[in-house]
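Novice: Structure in structure tokens, see below.
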Amino acid sequence: MSKVLMKGNEAIGAAAIKAGCKAFFGYPITPQNELPEYMSKEMHKHGGVFVQAESEVAAINMIYGAAGCGVRCMTSSSSPGIALKQEGITYLAGAELPSVIVNIVRGGPGLGGIQPAQSDYNQATRGGGNGDYKLLVYAPANLQEMVDLVQISFDKAEIYRNPVMVVGDGMIGQMMEPIEFRELPKAELPAKPWATDGTKGQRKPNVINSLFLKPEELEDHNIRLTNKYNAMKENEQQWESFNLENAQVVCVAYGTTSRIVKNAITALKAEGIEVGLIRPITLWPFPEKAFAQIADSTKAVLTVEMSMGQMVDDVRLALNGRLPVDFYGRSGGMIPTPEAIEQKLREMVGGTK
Amino acid sequence: MAMVYERSEGLTIKQTHYCPGCTHGVIHKLVAEVLVELGVLGETIGVAPVGCSVLAYDYFNCDMSEAAHGRAPAVATGIKRVMPEKVVFTYQGDGDLASIGTAEIIHVAHRSENLTTIFVNNAIYGMTGGQMAPTTLIGQKATTAPYGRTVEGMGMPLRMSELMATIPGATYIERVSVHNPAAIRKAKKAIKTAFEHQLAGKGFSMVEVLSTCPTNWGLTPVESLTWLEENMIPYYPLGVFRKPEEAK
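Residue numbers (the working numbering), protein chains in the order written: chain X, 1 to 353; chain P, 1001 to 1248.
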């Protein structure tokens, strides 16, 4: 299979189409506009539909309708637009509707900025909508991983009957890298007897719904949903481990930040300082299992994020007090430099020697 | 003995929760009968609102989707776009459609999505206990307008049919009422026309149905029908506001 050079935002669209996405509903917002633009050009060529909705709110509700019919569908936005979608997302989770939501993160809070950020970690993993629900959240670090995970997202969404979120940032959305649209292993997908596709007078009506007025029924529903999330925790944790053996400090970073951290690790190796990296690929479920792989040589952990510190809480929870956890971050669209991370790590190693 | 009248096959046997004198029961029945008469019940997907008729998904005998407050037209758009051969309708109250859902109803008409909206206008928020709606009349009391609605600070009531009729994509807009049997028969005709409009692929149709809310109006069911006729119809005139141009 040959490789193609594509811009991140467009590659997401191409991957979705390859995965059988038949409906895309979106709204313009920087820095993801290339994705709805690509879909407006390409969807109809593959028997799919594209609608530029009147708002991100309308788009996520169109997803609710299409997903309820059992059709693969996707929406995308960036941070402030994802904030708007939170109502729709909790409804999707409550009604158990397979769907894919892409967030190309930009600085916040509020209108924020248009430069890359990782400050929607809490929004993605702690739910921005009401109630007890979780999303399966993928955070690719390069475009190849992005196109693979976007395709896998559609399968996972159907397997778990749950919305799945793919988190990128402005860098991933705009960068161009060679990618291969590989044939991924075929997943076993459940049937959709619940879909609203017309009774044809042959079955009882299906109802897509998240309302359960009787407390006993709503509790049962919540227990069922939590069982799904526990299965995700057990089966879906994904991460990359890099240079953990003999590491004096282990960094935790995801997405494009992890690539900058790897540059710092390589530079410090030349100075005789060993630093490792745990790179979460799923933000939820957080890859707690990865932290058992940390070597005895490691005396401290450094979380690096393009935020004021959100994932760092999950790192502390995963370590459960085993090691001290420090944080280095930049905000507002400022990109951390390898040099700054190296300096921070030198200080930490100096302190732990 | 010949069957003269029976519950429509378009309704389930579930007993509705509506108040005595509530016109939702009548309007549900009209929609259900039309779907059966047009032979499309098995191809229909309805979208229920948030409001007293949130439980409409239990009463219509077809596939249903429960939407977030005001979002039914967007949900219906998602359904119709991926299943264009199905019959799709939204059933919404005045808070759902004329307040929180104004963007969604305008844009479903703007895009002329080929689906039908049944808009139940009873000039009040029923389910939540009688708050002011965009359609509450001047001087009418509501729990959030305890001294009566005033123009100042609250605005004139919103005439949605007239507003929607200015949108080119809103190709069939009619306002009807259910305050007496003659009106009910006309309402059913309008609803049937709207669904036929959808079946002919002519674009977006909406039927606004003036309705009563005895409980929150503080009137008896019979007084409510009179109040509707004397107060709502003068402000919300009945009739067709937009229909497709005759083919030249």
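Each residue gets a CB set at the ideal place from its N, CA and C atoms; glycine is no exception.
Taking C-beta pairs closer than 7 Å, name the residues in chain P that L211/X reaches, listed in chain order.
Specialist: In chain order: V1054 and E1066.
Novice: Could you check how far apart the C-beta atoms of S210/X and E1104/P are, in whole angstroms? I think they sit under 8 Å.
Specialist: 18 Å between Cβ atoms; not a contact.
Novice: When you compare the CB of N61/X with every CB in chain P, is at least one pair closer than 8 Å?
Specialist: By this cut-off, N61/X is an interface position.
Novice: Is the CB-CB distance between V349/X and M311/X below 8 Å?
Specialist: Cβ atoms of V349/X and M311/X: not closer than 8 Å.
Novice: Strictly by DSSP, which residues pair up with G154/X?
Specialist: Here residue 154/X turns out to be Phe, not Gly, going by the sequence shown. Bridge partners of F154/X: none, in fact.
Novice: Taking DSSP as the reference, what is the three-state secondary structure of T1171/P?
Specialist: Strand.
Novice: Could you tell me whether the Cβ of D1063/P comes closer than 8 Å to any Cβ of chain X?
Specialist: Closer than 8 Å to some Cβ of chain X, the Cβ of D1063/P qualifies, so yes.
Novice: Indicate whether at least one CB of chain P lies closer than 8 Å to the CB of V102/X.
Specialist: By this cut-off, V102/X is not an interface position.
Novice: Could you tell me whether the Cβ of K1248/P comes closer than 8 Å to any Cβ of chain X?
Specialist: Confidence at K1248/P is low in this model, with a pLDDT of 33, below 50, so its placement is unreliable and the value that follows should be read with caution. No, its Cβ sits nowhere closer than 8 Å to a Cβ of chain X.
Novice: Out of curiosity, what's the CA-to-CA distance linking A19/X and R259/X?
Specialist: If you take the alpha carbons of A19/X and R259/X, they lie about 27 Å apart.
Novice: Between G1093/P and C1052/P, which are expected to be in contact by the criterion C-beta below 8 Å, what is the C-beta distance as a whole number of angstroms?
Specialist: That pair is a contact at about 7 Å.
Novice: Taking the alpha helix (DSSP H) that L218/X belongs to, which residues open and close that run?
Specialist: Segment P215 to N235, the alpha helix (DSSP H) holding L218/X.
Novice: Considering only C-alpha positions, which residue in the set A318/X, S78/X and Q151/X is nearest to D120/X?
Specialist: For D120/X, the nearest C-alpha among the options comes from S78/X.
Novice: Taking the alpha-carbon of V71/X as reference, which of N122/X, P193/X, W284/X and A124/X has the nearest alpha-carbon?
Specialist: Looking at the Cα atoms, P193/X is the closest of the given residues.
Novice: When DSSP labels each residue in this structure, what does P360/X get in the three-state scheme?
Specialist: This structure cannot settle anything about residue 360/X, because the visible part of chain X is limited to 1 through 353.
Novice: Return no unless some Cβ of chain P is closer than 8 Å to the Cβ of G131/X.
Specialist: Not one chain P Cβ lies under 8 Å of G131/X.
Novice: Considering only the beta carbon of each residue, do I265/X and V250/X sit closer than 8 Å?
Specialist: Cβ atoms of I265/X and V250/X: not closer than 8 Å.
Novice: Out of curiosity, what's the CA-to-CA distance linking E1043/P and T1135/P?
Specialist: Looking at the two C-alpha atoms, the distance is approximately 33 Å.
Novice: Would M1083/P count as contacting chain X if we go by Cβ distances under 8 Å?
Specialist: Yes, because at least one Cβ of chain X sits closer than 8 Å to the Cβ of M1083/P.
Novice: Given that Y27/X touches chain P, what residues does it touch there, using C-beta distances under 7 Å?
Specialist: What Y27/X touches in chain P: nothing, since even the nearest Cβ is about 11 Å away.
Novice: At the 8 Å Cβ level, is H1107/P part of the contact set with chain B, yes or no?
Specialist: No chain B is present in this structure, whose protein chains are X and P.
Novice: With a threshold of 16 other CB atoms inside 10 Å of the CB of M1156/P, please say whether the residue is buried or exposed.
Specialist: When all chains shown are included, M1156/P counts as exposed.
Novice: G207/X touches chain P at which residues, Cβ-Cβ below 9 Å?
Specialist: First, the amino acid is wrong: residue 207/X is Val here, not Gly. In chain order: A1048, Y1057, D1058, D1063, M1064, S1065 and E1066.
Novice: Among residues of its own chain, excluding the 5 on either side of M308/X, which ones have a beta-carbon nearer than 8 Å to its beta-carbon?
Specialist: Within the same chain, M308/X has close Cβ partners S119, G329 and S331.
Novice: Give a yes or no on whether the C-beta atoms belonging to A93/X and A66/X are separated by under 8 Å.
Specialist: Contact: no.
Novice: What residue from A290/X, M175/X, K204/X and G201/X has the CA that sits closest to E236/X's CA?
Specialist: Of the candidates A290/X, M175/X, K204/X and G201/X, the one whose C-alpha sits nearest the C-alpha of E236/X is A290/X.
Novice: Which parts of the region 189-217 of chain X are runs of the beta strand (DSSP E), unbroken and 3 residues or longer, counting only runs that do not cross its ends?
Specialist: Counting whole runs of 3 or more residues, the region 189-217 of chain X contains no beta strand (DSSP E) stretch at all.
Novice: Using alpha carbons as the reference points, say which of P1244/P, Y1236/P, P1221/P and E1229/P lies closest to Y1018/P.
Specialist: When only C-alpha atoms are compared, the closest one is P1221/P.
Novice: So, helix, strand or coil for K353/X, using DSSP?
Specialist: Because the pLDDT of K353/X is 45, which lies under 50, any placement of that residue in the model is unreliable, and the number read from its coordinates should be weighed accordingly. Of the three classes helix, strand and coil, the one that applies to K353/X here is coil, per DSSP.
Novice: By alpha-carbon positions, which one of Y1059/P, I1045/P and M1083/P ends up nearest to A1072/P?
Specialist: Out of Y1059/P, I1045/P and M1083/P, I1045/P has the C-alpha closest to the C-alpha of A1072/P.
Novice: Express the C-alpha separation of A247/X and G272/X in angstroms, rounding to a whole number.
Specialist: Approximately 11 Å, taken between the alpha carbons.
Novice: I'd like the ranges of any beta strand (DSSP E) spanning at least 3 consecutive residues and lying wholly in the region 1058-1088 of chain P.
Specialist: The qualifying runs are 1063-1066.
Novice: Using the beta-carbon count (16 or more within 10 Å), is R279/X buried or exposed?
Specialist: Buried: at least 16 other Cβ atoms inside 10 Å.
Novice: Kindly give me the distance between the Cβ atoms of G1010/P and V1036/P, rounded to whole angstroms, as I take these residues to be in contact under 8 Å.
Specialist: Sure, about 5 Å apart at Cβ, within 8 Å.
Novice: Hey, could you find the ends of the alpha helix (DSSP H) P1181/P is sitting in?
Specialist: Taken as a continuous stretch (DSSP letters only), the alpha helix (DSSP H) holding P1181/P covers P1181 to L1199.
Novice: With respect to the alpha helix (DSSP H) encompassing P36/X, which residues constitute its N-terminal and C-terminal limits?
Specialist: Residues E34 to E42.
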